[in-house]
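Structure first, then comments.
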Amino acid sequence: MLKQRVLTALLLLPIAIAAIFMLPLQGFAITIAVVMVLAAREWGAFVMPGVAPAKVSYGVTIAILLVALLLIVPADQVWVQQQLHPLYQAITIAGALWWLGALALVLSYPGSATMWQHKPMLKALFGQLTIIPCFTAMVALKAWHGQFDGAWLVLAVLLLVWGADTGAYFVGKSIGKTKLIPKVSPGKTREGLAGGMVVCAVLSLVAWKMVPNINLIEALILGMVTGLASALGDLSESMFKRAANIKDSGRLLPGHGGVLDRIDSVTAAMPVFVTLLLLFGA
231 MLKQRVLTAL
241 LLLPIAIAAI
251 FMLPLQGFAI
261 TIAVVMVLAA
271 REWGAFVMPG
281 VAPAKVSYGV
291 TIAILLVALL
301 LIVPADQVWV
311 QQQLHPLYQA
321 ITIAGALWWL
331 GALALVLSYP
341 GSATMWQHKP
351 MLKALFGQLT
361 IIPCFTAMVA
371 LKAWHGQFDG
381 AWLVLAVLLL
391 VWGADTGAYF
401 VGKSIGKTKL
411 IPKVSPGKTR
421 EGLAGGMVVC
431 AVLSLVAWKM
441 VPNINLIEAL
451 ILGMVTGLAS
461 ALGDLSESMF
471 KRAANIKDSG
481 RLLPGHGGVL
491 DRIDSVTAAM
501 PVFVTLLLLF
511 GA
C-alpha cells in the first residue's frame with residue numbers, strides 16, 4: 231500500500247505542477263473543473279449511500295453548474311481592473327464561511343449527524359459549498375495579478391496543505407498522544423495538529439515573499455489559518471465518510487483512495503486563502 235501511495239504521488243506531482251504553470255488560464259479552469267466533477271461524483275455516495283445512480287447524477291449536477299459558471303464568467307474575465315468578479319467573489323467567500331459551519335458540524339459529531347445524515351438535499355448543498363468555491367478560488371488565484379504570479383500562489387496554497395499534512399503526520403506519529411476529535415478521525419492528535427501549524431508558520435515566510443502588499447503578521451495569519459482550514463477539510467470529509475460507512479471516497483488513485491480523498495484539504499484551504507487575500511487587500 232505504501233509503495234503504491236508513493237508511486238501515485240510521484241506520478242501526480244509533476245502533472246500537477248505542469249498544469250499549474252504551463253496551462254493557459256482557460257485550460258487550467260477546464261482541468262480543475264474536471265477534477266471537481268470527479269470529486270463531486272464521489273460526494274454523491276455521501277448524498278445517498280448505497281445508491282449507485284446518485285454518484286453519476288450528482289457529478290452531472292456539479293458539471294452543469296461549473297459549465298454555466300464558465301459561460302457566465304469566462305476564465306479570462308474573472309479579474310477586471312484588479313477587481314475579482316462579484317460572482318466569483320461571492321461564491322468564494324460563501325465557501326470560506328461554509329467552513330465555519332463545517333467546523334461546528336465536526337466538533338459536535340455524531341450529534342450533528344441527526345440534523346443532516348438522512349437529508350440528501352442538505353448533504354447535496356454541503357457538497358456544492360465544498361466543491362464549487364474551491365473551483366472559483368483556484369481559478370481566481372491562478373489569474374491573480376497575471377497568470378505566472380498566480381501560479382506561484384496556487385503552489386503556495388498546495389505547499390501549505392502538504393506542509394500541514396506532513397507536519398501533522400510525523401509529529402503525530404512520534405509524540406502524538408491526545409486525540410483531536412476521536413469520533414471523527416481516531417488517528418489524528420492535537421500534537422500532530424500543532425506540528426502541522428509549526429510547519430505552516432515556517433512556510434508563511436514563503437507566502438510573504440510571494441504575495442505582494444501583505445506584511446509579516448498578515449502572512450503568518452494567512453499561512454496558519456489556511457493550514458487549519460486544510461485540517462478541517464480533511465476532518466469534514468472523514469465525518470461524511472463515517473456517516474455513510476465509507477472507508478475511501480473512491481478507488482481512482484492507487485494507494486490514495488479517491489479524488490476527494492486527495493483534495494479534501496484543498497477544498498477548504500483554497501477559498502479560505504483567497505478570502506483572506508481579499509480581506510488584506512493584496
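Quick note: to get our numbering, add 230 to the position in the sequence shown (first position is 1). By construction, the Cβ of each residue, glycine as well, lies at the ideal position given by its N, Cα and C atoms.
Query: By Cβ distance below 8 Å, which residues in the same chain neighbour Leu462 in space, the five residues on each side in sequence not counted?; Result: Trp329, Ala332, Leu333, Val336, Ala498
Query: Which same chain residues, not among the five before or five after Val384, have their C-beta less than 8 Å away from its C-beta?; Result: Ile250, Met368, Leu371, Lys372
Query: Nearest to Arg271 by CA position, among Arg481, Thr322, Leu508, is which residue?; Result: Arg481
Query: Drop a sphere of 10 angstroms on the beta-carbon of Leu388, count the other beta-carbons inside from all chains shown, and report buried for 16 or more, exposed for fewer.; Result: buried
Query: So what's Pro416 in DSSP terms, helix, strand or just coil?; Result: strand
Query: Closer than 6 Å by C-beta to Lys418: which residues in its own chain qualify, once you throw out the five before and the five after it? Chain order, please.; Result: Leu410
Query: In terms of residue numbering, what span does the beta strand (DSSP E) encompassing Leu296 cover?; Result: Taken as a continuous stretch (DSSP letters only), Leu296 belongs to no beta strand (DSSP E), being part of the alpha helix (DSSP H) at 282 to 302.
Query: In the structure shown, what three-state DSSP assignment does Gly374 receive?; Result: The question names Gly, but residue 374 in the sequence shown is Trp. Looking at Trp374 - three-state DSSP - the assignment turns out to be coil, as it is neither helix nor strand.
Query: Going by DSSP in three states, Ile411 sits in which element: helix, strand or coil?; Result: strand
Query: Identify, in the order they occur along the chain, each residue of the same chain with its Cβ nearer than 7 Å to the Cβ of Lys413, setting aside the five sequence neighbours on each side.; Result: Tyr339, Pro340
Query: Considering Cα atoms alone, identify which of Val264, Phe258, Ala269 is closest to Gly487.; Result: Ala269
Query: May I ask you to report which of helix, strand or coil DSSP gives Gly457?; Result: helix
Query: For Gln312, count the other beta carbons within 10 Å of its own beta carbon; 16 or more makes it buried, fewer makes it exposed. Which is it?; Result: exposed
Query: Alpha carbon to alpha carbon, how far is Gln319 from Ser466? Give it in angstroms, no decimals.; Result: 23 Å
Query: Would you please state the rounded distance, in angstroms, between the beta carbons of Cys364 and Gly426? I believe it to be under 8 Å.; Result: Contact doesn't hold; Cβ gap of about 20 Å is too wide.
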